[in-house]
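Trainee:
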Amino acid sequence: MKIGYPCLNRTLSCSSARTFRLRSYSEERLVSTVKNNLECLTNILKYNKDHTILFFRITSDLVPFASHPVNKVPWQRHFRDTFARIGRYIKKHDMRISMHPDQFTLLNSVDRSVLRRSLKELKYHAEILDLMQLDTTAKIQLHVGGVYGDKTASMKRFALRYLRLEPTIRRRLVIENDHRNYSIADCISLSRTTGIPVVFDVFHHRVYNNGEGINPSLNHVCKTWHKRDGLLMVDYSLQKRSGITGQHAESININNFRKFLQSTKSYDFDIMLEIKNKEQSALQAIRCARTDQRFVRGNGHV
DNA sequence: AGGTGTCAAGCGTCC
DNA sequence: GGACGCTTGACACCT
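So this is what it looks like as structure tokens:
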């Protein structure tokens, strides 16, 4: 079991997601921003290693406008060595990496131009992980997408397009249940017809489910991950206490987290903590998991 | 220096 | 069929 956090580190004073407005686009600006972002990513991974945080989600903003037509910079070639060096570091320290394209990436869109842009965006994400020369346990997680008034048809469209993806994308793509349209049962059903691994989002599942419990879901979901995919990934977050639905909490509730670990102890998985104070929650969670031998899973480390 | 409207990209809901 | 909420961090312009 590895525990991690997404994209940003609030302790370090750098950001690996620096960007700029399209209006101020220039090749120089792009190159200097990517250079900054890769340097910061290096710092974050070093921080993670020093604190034994072995799971991390790399921001989609690493290369601004990566899939935008305005961008003609061959950034892949330009930063090839840097990507390779970062990849070596990740592998050397046995870290797990994920990425999560944002809401505009929709594989099942009914709009062909949205699909076309989404494919470019997926290609970009795969390129990042390929340039780092990471194996296929490094995943790109995506929601199933829109419903477009016909869920069955929209799921079929996802399946068809997934199966036709170029292998460099398909081997990394996994789906995740969302809080409104596609439940964990829907994702499992899609996995049955396509073989795609399913990320289990505990928070979304609490908000939107078909009445199935966490453990029965985990039981199904962990079978969708094969050896080449690595350990099942779980997203863990909680509701902000103010009561506004969907917003992520500021910090982890360690008692609830302990209960979660305890109640799911027969399964092994890597946990991504989607909590605003990021690495602080990860540090707490790791400490919590370590204090109790019952939470130490199959591979002996948390 | 600090505050805030806006940002490449979409879906779903409400009217 | 148009406006808005969603969720989020950072830019860039404003005072």
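Here the first sequence is numbered in our numbering, starting from 365 and rising by one per residue.
Glycine residues also receive a C-beta, built at the ideal position from the N, C-alpha and C atoms.
This one's a predicted model, so the numbers in the text were calculated from it and none came from an experiment.
(1) Starting from I408, follow the alpha helix (DSSP H) in both directions and report where the run begins and ends.
(2) For the segment 560-609, list the beta strand (DSSP E) runs that are entirely contained and at least 3 residues long, ordered along the chain.
(3) Would you mind listing the beta strand (DSSP E) stretches within the segment 442-493 that are 3+ residues and don't spill past its ends, in chain order?
(4) Looking only at DSSP bridge pairs, what is K503 linked to?
(5) I737 and A649: beta carbons closer than 8 angstroms?
(6) Can you check whether the CB of T558 is closer than 8 angstroms to the CB of A523?
(7) When the Cα atoms are used, what is the spatial distance from M597 to F564?
(8) Flag this pair as yes or no: are the beta carbons of N541 and H568 separated by less than 8 angstroms?
(9) For D634, name the three-state secondary structure that DSSP assigns.
(10) Got a sec? Which residues, its chain only, sit under 7 angstroms from C404 by beta carbon, not counting five neighbours each side?
(11) If you draw a straight line from the C-alpha of T516 to the C-alpha of S553, how long is it?
(12) Leaving out the 5 sequence neighbours to the left and right, which residues in its chain are closer than 6 angstroms to I635 when beta-carbon positions are compared?
(13) Could you tell me which residues DSSP puts in a beta bridge with Y369?
(14) Residues in the same chain with beta-carbon distance under 8 angstroms from L495, minus the five sequence neighbours each way, listed in chain order, please.
(15) Report buried or exposed for V434, applying the criterion of at least 16 other Cβ atoms within 10 angstroms of its Cβ.
(16) Just verifying my parser: in three-state terms, what is the DSSP assignment at I639?
(17) Would you call F420 buried or exposed, if buried means 16 or more other Cβ atoms sit within 10 Å of its Cβ?
(18) Under the three-state reduction of DSSP, which class applies to L498: helix, strand or coil?
(19) Are N407 and E643 close, meaning C-beta to C-beta below 8 angstroms?
(20) Taking just the CA atoms, how far does P438 sit from R387?
(21) Take the Cβ of S630 as the centre, count every other Cβ of all protein chains shown within 10 Å, and call the residue buried at 16 or more, exposed below.
(22) Following the continuous beta strand (DSSP E) through I552, name the residue where it begins and the one where it ends.
(23) Pull up the distance between the alpha-carbon of L647 and that of L376, whole angstroms please.
(24) Going by alpha carbons, who is nearest to M519 out of I539, L483, R535, R393?
(25) Going by CA-CA distance only, name the one from R536, N400, A502, Y369 that's closest to R382.
(26) What residue range is occupied by the uninterrupted alpha helix (DSSP H) comprising I539?
(27) For C371, which residues from the same chain have a beta carbon less than 6 angstroms from its beta carbon, with the 5 sequence-adjacent residues on both sides left out?
(28) Classify C378 as helix, strand or coil using the three-state DSSP reduction.
Mentor: Quick answer:
(1) 391-414
(2) 562-565, 597-600
(3) With a minimum length of 3 residues, the continuous beta strand (DSSP E) runs that stay inside the segment 442-493 are 460-463.
(4) K503 is bridged by DSSP to S462.
(5) The question about residue 737 has no answer here: the residues shown for the chain are numbered 365 through 666.
(6) yes
(7) 7 angstroms
(8) yes
(9) strand
(10) Here C404 has C378, S379, S380 as same chain residues with Cβ atoms under 7 angstroms from its own Cβ, once five neighbours each way along the sequence are excluded.
(11) 11 angstroms
(12) Within its own chain, the residues whose Cβ lies closer than 6 angstroms to the Cβ of I635, once the five positions on either side in sequence are excluded, are I367, V598, Y600, listed in chain order.
(13) DSSP lists F420 as partners of Y369.
(14) Q440, F443, R444, F447, A448, G451
(15) By the 10 Å Cβ count, V434 comes out exposed.
(16) coil
(17) buried
(18) coil
(19) no
(20) 20 angstroms
(21) Label assigned to S630: exposed.
(22) Careful: I552 lies outside any beta strand (DSSP E), inside the alpha helix (DSSP H) at 548-558.
(23) 15 angstroms
(24) I539
(25) N400
(26) In the DSSP assignment, I539 falls outside any alpha helix (DSSP H) and within the unbroken beta strand (DSSP E) covering 537-540.
(27) R421, T423
(28) coil
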